[in-house]
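Worksheet for the structure shown next.
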Amino acid sequence: MKSSSVMQDTGRPLKNHAGLGQTLRNSLTMAYRGLLKIRRTPEQLFDVTLQPILFTLMFTYIFGGAISGNVHNYLPIIIPGILVQTVIATSIVTGVQLREDMDKGVFDRFKSLPIARIAPLAGALLADTIRYTIATVLTFVMGYIMGYRPEGGMGFVVIAGLLVIVCSWAVSWIFAFFGVIARTAASVQGISMIVLFPLTFLSNAFVPVNTMPDWLQWFVKINPISHLVSAVRELANNGAIGAEFTLSLISAAAIVAVFAPLTVRAYMRRT
Amino acid sequence: MNAKRRNEWAVEARGLVKTFGDNRAVDGVGLNVRAGSIYGVLGPNGAGKTTTIRMLATLLRPDKGEARIFGHDVAKESHIVRQLIGVTGQYASVDESLSATENLIIFSRLLGLGRIEARRKAVELLEEFGLTEAAKRPLKHFSGGMRRRLDLAASLIAQPPLIFLDEPTTGLDPRTRSQMWDTIRRLVVTGSTVLLTTQYLDEADQLADRIAVIDRGRVVAEGTVDELKASVGTSALHLRVDHAQDIADAREIVEQVLDVRSSIAAEAGKITAPLADAAQVTDLLIALRTRGIRLTEISVQKPTLDEVFLTITGRGTTEIVQKDLEQSNRTEEAGV
Numbered sequence: 001m002k003s004s005s006v007m008q009d010t011g012r013p014l015k016n017h018a019g020l021g022q023t024l025r026n027s028l029t030m031a032y033r034g035l036l037k038i039r040r041t042p043e044q045l046f047d048v049t050l051q052p053i054l055f056t057l058m059f060t061y062i063f064g065g066a067i068s069g070n071v072h073n074y075l076p077i078i079i080p081g082i083l084v085q086t087v088i089a090t091s092i093v094t095g096v097q098l099r100e101d102m103d104k105g106v107f108d109r110f111k112s113l114p115i116a117r118i119a120p121l122a123g124a125l126l127a128d129t130i131r132y133t134i135a136t137v138l139t140f141v142m143g144y145i146m147g148y149r150p151e152g153g154m155g156f157v158v159i160a161g162l163l164v165i166v167c168s169w170a171v172s173w174i175f176a177f178f179g180v181i182a183r184t185a186a187s188v189q190g191i192s193m194i195v196l197f198p199l200t201f202l203s204n205a206f207v208p209v210n211t212m213p214d215w216l217q218w219f220v221k222i223n224p225i226s227h228l229v230s231a232v233r234e235l236a237n238n239g240a241i242g243a244e245f246t247l248s249l250i251s252a253a254a255i256v257a258v259f260a261p262l263t264v265r266a267y268m269r270r271t
Numbered sequence: 001m002n003a004k005r006r007n008e009w010a011v012e013a014r015g016l017v018k019t020f021g022d023n024r025a026v027d028g029v030g031l032n033v034r035a036g037s038i039y040g041v042l043g044p045n046g047a048g049k050t051t052t053i054r055m056l057a058t059l060l061r062p063d064k065g066e067a068r069i070f071g072h073d074v075a076k077e078s079h080i081v082r083q084l085i086g087v088t089g090q091y092a093s094v095d096e097s098l099s100a101t102e103n104l105i106i107f108s109r110l111l112g113l114g115r116i117e118a119r120r121k122a123v124e125l126l127e128e129f130g131l132t133e134a135a136k137r138p139l140k141h142f143s144g145g146m147r148r149r150l151d152l153a154a155s156l157i158a159q160p161p162l163i164f165l166d167e168p169t170t171g172l173d174p175r176t177r178s179q180m181w182d183t184i185r186r187l188v189v190t191g192s193t194v195l196l197t198t199q200y201l202d203e204a205d206q207l208a209d210r211i212a213v214i215d216r217g218r219v220v221a222e223g224t225v226d227e228l229k230a231s232v233g234t235s236a237l238h239l240r241v242d243h244a245q246d247i248a249d250a251r252e253i254v255e256q257v258l259d260v261r262s263s264i265a266a267e268a269g270k271i272t273a274p275l276a277d278a279a280q281v282t283d284l285l286i287a288l289r290t291r292g293i294r295l296t297e298i299s300v301q302k303p304t305l306d307e308v309f310l311t312i313t314g315r316g317t318t319e320i321v322q323k324d325l326e327q328s329n330r331t332e333e334a335g336v
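In structure tokens:
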């Protein structure tokens with residue numbers, strides 16, 4: 001052991017709060033930890049690889065003929081819908097894994113370190129964007145294989161993909177909140193499914209809205225998922241950044257503004 | 001280390017209380033730990049040791065009372081306190097799914113070290129704790145001792161002036177245990193203060209300058225090792241009577257002759273009593289023979305935690321554990 005002096009003698013000032021720079025650095029380090037974990041246990045990427053492949057195939061061939069006459073005409077409608085549904089569903093895993101992670105001893109150490117309180121959460125959520133990226137790329141690739149040629153071109157497809165990833169990251173704060181307050185990982189999965197199913201299916205993701213009863217149309221039209229799906233369709237199919245795009249980003253920001261502080265507070269209170 | 005620091009208190013805690021449901025896990029604990037010393041908190045399972053440490057380490061908020069670490073309040077200045085402490089938990093607080101090097105690098109980065117600096121620190125600590133060969137292996141394949149060493153290494157990255165060790169050697173084999181003791185002693189030489197909890201009297205004896213004995217959430221005794229030992233008596237006397245009906249008489253004689261309290265295990269016909277002076281055994285044996293009580297076994301043992309508790313609280317640790325079990329069973333039933 002080196003006989004160097006203790007920390008407060010080295011002249012580093014003691015602060016009672018983590019600054020913005022430190023918060024960012026701590027979160028990035030925690031994200032790095034998340035990536036290392038994914039690299040160590042690649043089997044946890046099964047869901048994000050299989051789900052896009054399976055869902056895209058299933059939904060396109062089941063609904064294609066009924067809704068658009070044939071599969072080819074249905075692709076521009078279904079691929080953005082499936083994309084949003086799959087990637088948002090992936091963000092449930094974030095909450096489940098956070099719960100499992102928090103039960104481990106290492107979170108005690110994180111709590112005892114002089115780091116930004118939000119970092120272990122923000123880092124985990126940030127690392128999970130890699131999962132959303134995988135799901136996004138696979139869905140577009142599956143669509144391409146099945147004959148989907150987005151009119152908007154490559155650049156707008158990338159923007160659409162990024163938009164979905166950002167929005168899923170925002171939504172993952174909701175599931176992170178469940179993850180922090182729930183007792184078990186299984187219950188996180190349960191609660192999240194109940195929230196997610198109505199949100200993704202009561203939207204314009206799979207079928208045209210005008211086929212639904214009026215009262216349902218009302219909900220579908222205010223559902224943020226519908227706006228996100230529309231934004232992705234506008235981008236990929238028309239190469240346009242419109243009002244839906246802005247609306248999706250505003251919704252995402254609102255979710256983060258509400259759920260990030262809630263989650264951090266619940267995390268701090270939990271022991 | 002300047003003169004001012006030498007007089008400082010590393011830990012000052014007063015009236016700490018923590019309640020979990022109906023269970024007052026910590027019930028008014030007060031501790032004063034002088035900077036640069038090793039302080040032992042001794043007690044059986046469920047006495048409130050871990051809860052106390054968790055409150056001092058800002059992991060748990062006290063319901064009542066206050067605690068200061070180098071003069072900084074654990075509740076109001078928790079971020080400052082965290083810059084002054086290192087915590088090694090009872091269960092390894094390292095990342096199971098990562099390697100030893102990765103663990104240390106991540107903790108170093110979190111503590112503000114640069115990329116290269118963090119790597120160098122990791123290598124340095126792994127070498128110091130004899131983990132270099134296992135550096136790249138995932139922790140799943142680590143032995144209990146290696147895990148503890150890594151855990152301690154992680155607590156030392158920032159060279160914190162105060163280190164909490166919660167039962168650092170529980171479950172370790174004797175050799176690993178004495179290695180751990182050496183490491184802890186070296187920490188104090190470099191100027192750190194160590195607060196450790198333990199269930200073993202000999203561990204506190206080996207390491208601690210002062211000891212607090214905790215029982216049912218309260219400090220029941222506090223002092224130097226010598227003071228504590230003097231109150232316990234240096235050894236314990238075990239007697240087994242031949243005829244079970246003699247046991248009450250025998251106990252009375254033991255308590256009279258040795259002038260202490262004793263405990264009995266009736267079904268085994270066994271009496272246990274603290275023994276301050278071995279010469280008293282002669283008097284005791286004569287007294288027993290005069291009354292015609294036959295013994296089948298007699299032995300003298302060095303003091304154990306059991307004897308400390310017997311002397312201080314008037315009951316053995318086994319009784320305490322049993323009571324705790326009953327209590328937790330009750331709470332579980334109530335919870336269902």
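These protein sequences, in sequence, are chains L and B. To convert, note that position 5 of the first sequence is 5 in full-length UniProt numbering; the numbers rise steadily by one, no gaps. To convert, note that position 30 of the second sequence is 30 in full-length UniProt numbering; the numbers rise steadily by one, no gaps. Backbone N, C-alpha and C fix where the C-beta goes; we use that ideal spot for every residue, glycine too.
Inter-residue spacing [alpha-carbon to alpha-carbon] between T263 of chain L and G48 of chain B: Within the first sequence, numbered from 1, the residue matching residue 263 of chain L stands at position 263. Within the second sequence, numbered from 1, the residue matching residue 48 of chain B stands at position 48. Whole-angstrom Cα-Cα distance: 29 Å.
Let me see if you follow: with CB-CB separation under 8 Å, is Y91 of chain B close to chain D or not? Here chain D cannot be found, since the structure's protein chains are L and B.
Using Cβ-Cβ distances below 9 Å, what residues of the region 73-84 of chain B are close to chain L? K76, E77, S78, H79, I80, V81, R82, Q83, L84
Proximal residues to V74 of chain B (C-beta, below 6 Å), its chain only, five neighbours per side dropped: Translated into positions along the second sequence, residue 74 of chain B becomes position 74. Taken in chain order, the residues that qualify are T58, A67, V81.
Touching by the beta-carbon criterion (3+ pairs, under 8 Å), the region 204-214 of chain B and the region 259-272 of chain B: Below 8 Å, too few C-beta pairs join the region 204-214 of chain B and the region 259-272 of chain B to call them touching: fewer than three.
Cβ pair count under 8 Å reaching 3, the region 159-169 of chain L against the region 33-45 of chain L: no
Can you give the beta carbon distance from L150 of chain B to N103 of chain B, rounded, assuming they're within the 8 Å contact cut? Here the question's residue 150 of chain B lines up with position 150 in the second sequence. Here the question's residue 103 of chain B lines up with position 103 in the second sequence. L150 of chain B to N103 of chain B, Cβ: 7 Å. Contact.
Roughly how many whole angstroms lie between the Cα atoms of residue 299 of chain L and I106 of chain B? There is simply no residue 299 of chain L to check, as chain L begins at 1 and stops at 271 in what is shown.
Using the three-state DSSP reduction, which class does D249 of chain B fall into: helix, strand or coil? Counted from its first residue, the second sequence places residue 249 of chain B at position 249. Helix at D249 of chain B.
Between V17 of chain B and V26 of chain B, which are expected to be in contact by the criterion C-beta below 8 Å, what is the C-beta distance as a whole number of angstroms? Start at 1 with the first residue of the second sequence, and residue 17 of chain B comes out as number 17. Start at 1 with the first residue of the second sequence, and residue 26 of chain B comes out as number 26. With a Cβ gap of about 6 Å, V17 of chain B and V26 of chain B count as contacting.
Among residues of its own chain, excluding the 5 on either side of I82 of chain L, which ones have a beta-carbon nearer than 7 Å to its beta-carbon? Taking the first residue of the first sequence as position 1, residue 82 of chain L is located at position 82. Here the set comprises F55, T56, F59, T139.
Among B:K140, B:I69, B:D166, B:R120, which has the Cα closest to the Cα of E203 of chain B? As a position in the second sequence, residue 203 of chain B is number 203, starting the count at 1. Residue B:D166 is the option with its Cα nearest to E203 of chain B.
CB-CB under 7 Å to G15 of chain B, same chain, minus the five flanking residues each way: which ones, in chain order? Taking the first residue of the second sequence as position 1, residue 15 of chain B is located at position 15. Around G15 of chain B: G28, G30, K64, G65.
Around the C-beta of W173 of chain L, are 16 or more other C-beta atoms found within 10 angstroms, so that it is buried, or is it exposed? For the purposes of this step, residue 173 of chain L is identified with residue 173 of the first sequence, where counting begins at 1. By the neighbour-count rule (16 or more Cβ atoms within 10 Å), W173 of chain L is buried.
Does DSSP put L54 of chain L in a helix, in a strand, or in coil? If you number the first sequence from 1, residue 54 of chain L lands on position 54. Reduced to three states, the DSSP call for L54 of chain L is helix.
In chain B, which residues lie with their C-beta within 9 Å of the C-beta of K37 of chain L? For the purposes of this step, residue 37 of chain L is taken as the residue at position 37 of the first sequence. Ordered by position in chain B, the residues that pass the 9 Å Cβ test against K37 of chain L are D95, S97, L98.
Strictly below 8 Å CB to CB, what residues from chain L border L59 of chain B? Residue 59 of chain B sits at position 59 when you count from the first residue of the second sequence. Within chain L, the residues near L59 of chain B are D108, K111, S112, T271.
Straight-line CA distance for T101 of chain B to L152 of chain B? Residue numbering aside, residue 101 of chain B sits at position 101 when the second sequence is read from its first letter. Residue numbering aside, residue 152 of chain B sits at position 152 when the second sequence is read from its first letter. For T101 of chain B and L152 of chain B, the distance between alpha carbons rounds to 14 Å.
Which of the three DSSP states is assigned to T41 of chain L in this structure? Position 41 of the first sequence, counted from the start, is the residue given in the question as residue 41 of chain L. T41 of chain L: coil per DSSP, three-state reduction.
Might you give, ordered along the chain, the residues of its own chain that have their beta carbon closer than 6 Å to the beta carbon of M102 of chain L, omitting 5 neighbours on each side? Counting from one through the first sequence, the residue named residue 102 of chain L turns up at place 102. If we look at M102 of chain L and ignore the five residues flanking it on each side, it has no Cβ neighbours.
Would S168 of chain L and T246 of chain L qualify as a contact pair, given that the criterion is a beta-carbon distance under 8 Å? Taking the first sequence and counting its residues from 1, the one referred to as residue 168 of chain L is at position 168. Taking the first sequence and counting its residues from 1, the one referred to as residue 246 of chain L is at position 246. Not a contact, by the Cβ cut-off of 8 Å.
Given a threshold of 16 other Cβ atoms within 10 Å of its Cβ, counted over all protein chains shown, does P261 of chain L qualify as buried or as exposed? Mapped onto the first sequence, residue 261 of chain L falls at position 261. Its Cβ having fewer than 16 others within 10 Å, P261 of chain L is exposed.
Along the beta strand (DSSP E) that carries I38 of chain B, what are the first and last residues, could you check? Locating residue 38 of chain B in the second sequence gives position 38, counting from the first residue. Run containing I38 of chain B: 38-42, per the beta strand (DSSP E) assignment.
Spatial distance of F201 of chain L from N223 of chain L (CA atoms): Taking the first sequence and counting its residues from 1, one reaches residue 201 of chain L at position 201. Taking the first sequence and counting its residues from 1, one reaches residue 223 of chain L at position 223. C-alpha separation (whole angstroms): 10 Å.
Continuous beta strand (DSSP E) assignments of at least 3 residues falling wholly in the region 60-99 of chain B: 64-69, 85-88
Boundaries of the beta strand (DSSP E) in which Q301 of chain B is found, first to last residue: The residue labelled residue 301 of chain B in the question sits at position 301 within the second sequence. First-last of the beta strand (DSSP E) with Q301 of chain B: 295-301.
Please work out which residues of its chain come closer than 6 Å, Cβ to Cβ, to P76 of chain L, disregarding the five sequence neighbours upstream and downstream, and give them in chain order. In the first sequence, residue 76 of chain L corresponds to position 76, counting from 1. Answer for P76 of chain L: N237, listed in chain order.
With a threshold of 8 Å between beta carbons, is A154 of chain B in contact with chain L? If you number the second sequence from 1, residue 154 of chain B lands on position 154. For A154 of chain B, the answer is yes, since a Cβ of chain L falls inside 8 Å of its Cβ.
So who's on the other strand from W9 of chain B, going by DSSP bridges? Numbered from 1 along the second sequence, position 9 holds the residue referred to as residue 9 of chain B. B:R34, per the DSSP bridge assignment.
How about the region 23-39 of chain L and the region 123-130 of chain L: do they share at least three Cβ pairs that are nearer than 8 Å? yes
Would you say A127 of chain L reaches chain B, if we count a Cβ-Cβ gap shorter than 8 Å as a contact? Within the first sequence, the letter at position 127 stands for residue 127 of chain L. Not an interface residue.
Sequence-distant residues of its chain with Cβ nearer than 6 Å to A119 of chain L (five each side left out): Within the first sequence, the letter at position 119 stands for residue 119 of chain L. Closer than 6 Å at the Cβ level, and outside the excluded window around A119 of chain L, lie N26, S27, M30.
Thinking C-beta only, is D246 of chain B closer than 8 Å to I286 of chain B? Looking up residue 286 of chain B in the second sequence gives position 286. Looking up residue 246 of chain B in the second sequence gives position 246. In this structure, D246 of chain B does not lie closer than 8 Å to I286 of chain B by Cβ.
Using a C-beta cutoff of 8 Å, does I106 of chain B count as contacting chain L? Against the second sequence, residue 106 of chain B aligns to sequence position 106. Chain L, which has a Cβ nearer than 8 Å to the Cβ of I106 of chain B, makes this yes.
With residue 272 of chain L as the anchor, note down where its alpha helix (DSSP H) starts and where it stops. The requested residue 272 of chain L does not occur in the structure, where chain L is confined to residues 1 to 271.
Would you report the Cα separation of V206 of chain L and T129 of chain L, rounded to the nearest angstrom? Here residue 206 of chain L corresponds to residue number 206 of the first sequence, with the count starting at 1. Here residue 129 of chain L corresponds to residue number 129 of the first sequence, with the count starting at 1. The question names Val, but residue 206 of chain L in the sequence shown is Phe. If I take the Cα positions, the gap works out to 24 Å.
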